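Data block below; observations after.
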Amino acid sequence: MPVILLERIPLPSLRAYTGFSVVLLACALFYAHQVVLNAESVGLEIPVVSVEQLDDGSFNNNEIQYMNVSLPYDAYVWNMMYVMTAEAWCVWTLVNTAYCCLILLGKLVQKIVFGELRVSEQQHLKDKFWNFLFYKFIFVFGVMNVQTMEEVVLWVAWFTILGFFHLLTQLAKDRFEYVSFSPTTPHFIHLKLLSLLCVIVVSCCGLLTVCGLVGFQMGLTIFAFMAAECLLLAIRTLYVVARYCLHLTDMNLEGVWENRATYVYYTELIFELAALSIDFGHHLHMLLWGNIFLSMASLVICMQLRYLFYEFQRRIKRHKNYRRVVKHMEERFSMATTEELNNNNDDCAVCWEKMETARKLPCGHLFHNSCLRSWLEQDTSCPTCRLSLNEHPVNRDPNSNVPDNQNREVPPANPPGNQTMNHFFHFDGSRYVSWLPSFSVEVTHTNMLANHNRLTPAQTSQLDNMARQVLQVFPHMPLNAVVDDLRVTRSVDFTIENILEGRLQAPPPGTLLTRALGEEETSSDDSDNYQTASARADGVDIDQQDYLEIPNETGDNNGSETDNERSDTLSQFSGRFSKSANERETMLEDRKNDMLEIARRRFLAKKSDDNSLSSEETEEASVSDYSDNINTSSASNSGDTSDTVRRRRELAYMAATRRLGQQTYDTSIE
Amino acid sequence: MAGSALKRLMAEYKQMTLNPPEGIIAGPVNEENFFEWEALIMGPEGTCFEGGVFPARLTFPPDYPLGPPKMKFTCDLFHPNIYSDGRVCISILHAPGDDPMGYETSAERWSPVQSVEKILLSVVSMLAEPNDESAANVDAAKMWREERDKFEEIAEKHVKKSLGL
Ligand SMILES: [Zn+2]
Ligand SMILES: [Zn+2]
């Protein structure tokens, strides 16, 4: 790639270059001044330096000839200008000065609007710059086949200005995308970026006028070439402006903006298609006009054409998909009625915002119109329960090879037993966290039973102990089923919960598959339930708050080592969500440090405990520790075992009733 | 567009701050970029990772929650489902379309209903119960299966290291 080669060229620093340009300009001015003075005093003869430009770009002004030239103007300034433009090396100095000024202007804009550039922005800028240079080089020498120096200078001047604005637009776009990643950007940054973009748009209009004037003289082709570039720049800039405005409106709007996604989508579509078609037309024009079918330039242009064509096709395909999804959605899923919305006190599961209007899926789950649409663009199942929403329900025959989601949920290759295990474990991911009913665990747990079979004998005896506890409550359960379940849950409470829920009845082999499916549904219901039960952004669950406060108090009352530790642990929970970004950052940092500190202390304490405690005691301790973990509320006092046990029972009961309630709710929907 | 993703991430951050699950802390590394989070995960009790505090990076796509974030542990962690460079391989982090292991059902994949909290809880459960069927780190899976003592020794070493002890 030429880009890589060009990047190796060592460029002088901006300071050195500016200095050099200033010195050069001063020399030229001084020279012109001398010439003008000489001419005024002598009257007739002025020296003219014939300049030979050598291959290495330096000037050879050793040969000085004297010519008879009379200065045309009387005023000093005009004479100066005449001399400056008459001499080749003075003209080059002026050109160099112009570039230097442009670079300085760019630097100034960068300093004012962007500040320090990020690494990715610098990289983009560099790429854009060399790409632009490469393509314009091809254009000027490959397509236009420019011959005279004058034309080259004019084209270069035009592309310099254009490139300058292109780079600024690129920078503004990158910066906008970065800024849109943060909710706490100060207003003046938005203001600066937007005004820069507006200046670029206005300049584009100016450039278009220039195109018109030039085209008037040079003909339609030149006009088309110039105007296409101009329009492309304008469209790119306007696109950024449009996205920026949409973003700002969205951020400043309280609540949900139902049609936001639609606006965003169509803005994107229109601008992208417009840019692509103009670019495509421009390249096609170049290829046809240049008569360059068998040159390097034509190859490059053809590649570019091909790329543009595929981009265009891709965009159209995406739009077709979009239309299809929208149509499909509007046909099949009705808007939820007000009553349904009122009954559903949950937020939209996609964006976590309140729902004023919503679409209802066959499974009864509600979503915002736009949220559902953007999800359906990439997948065809309910986000919450994974129910397949395919357009052709006929294909749901499990033996057909159509790879729709319904089929993938029950791969026929899997033996039914395995499947059961899979889904069974889905429920119990919550055992590490107290207050969650359940959630979907990602891992395929097919091998888990095998792992647990390899438990050491000591653990097995512990299991037996636990199994006996369970059997005291449920004497009718078969021992091996209880032990199996305990292996998985490692907790008496959860096994009891499983039994209460009816999940732990050794099922007849024939119903395995259907059970697997049924559980799948329950599992997602649970995760849905979690959505309601868990405290959302603003509404902290009341129970949860109780849990937070009780242990703190007891921790203060008790002087024992363990309780102090616990109150430390819970200090993590009393997190406050500050309005100020800085405060949030420091609070998060503090919480992280606290956690690390507590973990360290615990680790060291455990190390010393391990040496002193007998094995049985450790076991007991770990069990009670674990129950503390199950729910912070039960952590009131680890010594008071009867209280803990009572609390555990309550929890198991609550969980069971909640799930039963959930099930009846679901059946009533269906 | 990052707007809706930003709102959702803000809500999740708020929830994780007001109401964090036991042993998990998560939030943006820097408020200037809400799409890059750091999470601290405490090793689950009763496992060989008990007591460790493991830092991880979460990188969210601009279309979050339609696409899943990427998660990567920034500490040493020897585990069957964690690549040696720290990337976490669990099925809810896989987009509905791709399936690197070729075995997952779509029910286990990413969906917008998932959240940072659920991901981190899944990771906790993954730490507790490695799934050596679909190993990301084959050495770790083998050791977990065959030389449990050695595996636990390494885990303990990493726990210590994560605590800076
Ligand atoms: Zn929504
Ligand atoms: Zn559903």
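These protein sequence lines are chains A and B, in that order. Heads up: the first sequence at position 472 corresponds to 466 in the numbering used here, and the numbers run straight through without jumps. All you need for the numbering used here is the position in the second sequence, starting with 1, plus 2. Note that CB positions come from ideal geometry on N, CA and C, so glycine has one too. Note that the structure is predicted; figures quoted are calculated from it, not measured.
Contacts that residue i makes with chain B (C-beta to C-beta distance below 8 Å)
{"i": "A593(A)", "result": "M44, G53, G54, V55, L165"}
Between the CA atoms of residue j and residue i - distance to the nearest angstrom
{"i": "E158(B)", "j": "C50(B)", "result": "6 Å"}
{"i": "L68(B)", "j": "P377(A)", "result": "10 Å"}
{"i": "E577(A)", "j": "V85(A)", "result": "58 Å"}
{"i": "K74(B)", "j": "V208(A)", "result": "57 Å"}
{"i": "E14(B)", "j": "M290(A)", "result": "54 Å"}
{"i": "K120(B)", "j": "A92(A)", "result": "59 Å"}
{"i": "S6(B)", "j": "K321(A)", "result": "23 Å"}
{"i": "C95(A)", "j": "T351(A)", "result": "56 Å"}
{"i": "N32(B)", "j": "V16(A)", "result": "43 Å"}
{"i": "T203(A)", "j": "Q211(A)", "result": "13 Å"}
{"i": "V617(A)", "j": "V55(B)", "result": "Since pLDDT at V617(A) reaches only 43, below the 50 mark, its modelled position is unreliable, and the value read off the structure follows with that caveat. Going from the Cα of V617(A) to the Cα of V55(B) covers about 22 Å."}
{"i": "E324(A)", "j": "N336(A)", "result": "22 Å"}
{"i": "A33(A)", "j": "M143(A)", "result": "30 Å"}
{"i": "L188(A)", "j": "L355(A)", "result": "41 Å"}
{"i": "S164(B)", "j": "D78(B)", "result": "8 Å"}
{"i": "M12(B)", "j": "P30(B)", "result": "9 Å"}
{"i": "G109(A)", "j": "L102(A)", "result": "10 Å"}
{"i": "L370(A)", "j": "T179(A)", "result": "32 Å"}
{"i": "T12(A)", "j": "F123(A)", "result": "20 Å"}
{"i": "L281(A)", "j": "S292(A)", "result": "6 Å"}
{"i": "L240(A)", "j": "N133(B)", "result": "45 Å"}
{"i": "F274(A)", "j": "C379(A)", "result": "44 Å"}
{"i": "E262(A)", "j": "Y233(A)", "result": "8 Å"}
{"i": "P57(B)", "j": "A130(B)", "result": "16 Å"}
{"i": "G45(B)", "j": "S176(A)", "result": "31 Å"}
{"i": "L383(A)", "j": "I264(A)", "result": "29 Å"}
{"i": "S136(B)", "j": "G358(A)", "result": "34 Å"}
{"i": "A167(A)", "j": "K186(A)", "result": "Note that residue 167(A) is Lys in the sequence shown here, rather than Ala. Spanning the two alpha carbons is a distance of roughly 13 Å."}
{"i": "R10(B)", "j": "W346(A)", "result": "6 Å"}
Contact list for residue i against chain A, beta-carbon separation under 8 Å
{"i": "M8(B)", "result": "Residue identity differs from the one stated: residue 8(B) is Leu in this sequence, not Met. Simply S174, F175, S176, P177, M245."}
Residues that residue i contacts on chain A, provided the C-beta gap is smaller than 7 Å
{"i": "P114(B)", "result": "A343, V344, W369, P377"}
{"i": "F36(B)", "result": "F175, S176, P177"}
{"i": "L188(B)", "result": "This structure cannot settle anything about residue 188(B), because the visible part of chain B is limited to 3 through 167."}
{"i": "P98(B)", "result": "Q372, D373"}
{"i": "G168(B)", "result": "In this structure chain B extends from 3 to 167, so residue 168(B) is not present and cannot be described."}
Endpoints, the beta strand (DSSP E) within which residue i is located
{"i": "R59(B)", "result": "55 to 61"}
{"i": "M44(B)", "result": "35 to 44"}
{"i": "K74(B)", "result": "72 to 75"}
Segment limits, alpha helix (DSSP H) that includes residue i
{"i": "W283(A)", "result": "254 to 284"}
{"i": "A28(B)", "result": "Per DSSP, A28(B) belongs to no alpha helix (DSSP H); it is in the beta strand (DSSP E), 26 to 32."}
{"i": "I106(A)", "result": "Note, I106(A): premise wrong, no alpha helix (DSSP H); not H, not E."}
{"i": "M124(A)", "result": "In the sequence as presented, Met is not what sits at residue 124(A); that position holds Trp. It spans 113 to 131 - the alpha helix (DSSP H) in which W124(A) sits, taken as one unbroken run."}
{"i": "H241(A)", "result": "214 to 246"}
{"i": "N73(A)", "result": "70 to 80"}
Proximal chain B residues relative to residue i, where beta-carbon distance stays under 7 Å
{"i": "F571(A)", "result": "K16, T19, L20"}
Contacts that residue i makes with chain B (C-beta to C-beta distance below 9 Å)
{"i": "A26(A)", "result": "Ordered by position in chain B, no residue passes the 9 Å Cβ test against A26(A), which lies about 52 Å from the chain."}
{"i": "A575(A)", "result": "E33, E34"}
Which runs of the beta strand (DSSP E) fall wholly inside the segment 304 to 392 of chain A and span at least 3 residues, in chain order? none
Counting only runs of 4+ residues fully inside the segment 173 to 202 of chain A, write out the alpha helix (DSSP H) ranges in chain order. Runs of alpha helix (DSSP H) with 4 or more residues, each lying fully within the segment 173 to 202 of chain A, are absent.
When Cβ atoms are compared, which residues of the segment 579 to 604 of chain A fall closer than 7 Å to chain B? The segment 579 to 604 of chain A vs chain B, Cβ under 7 Å: E579, L582, R585, K586, M589, L590, A593, R594, R596, F597, K600.
Fully enclosed by the segment 126 to 154 of chain B, which alpha helix (DSSP H) runs are 4 residues long or longer? 140 to 148, all fully within the segment 126 to 154 of chain B.
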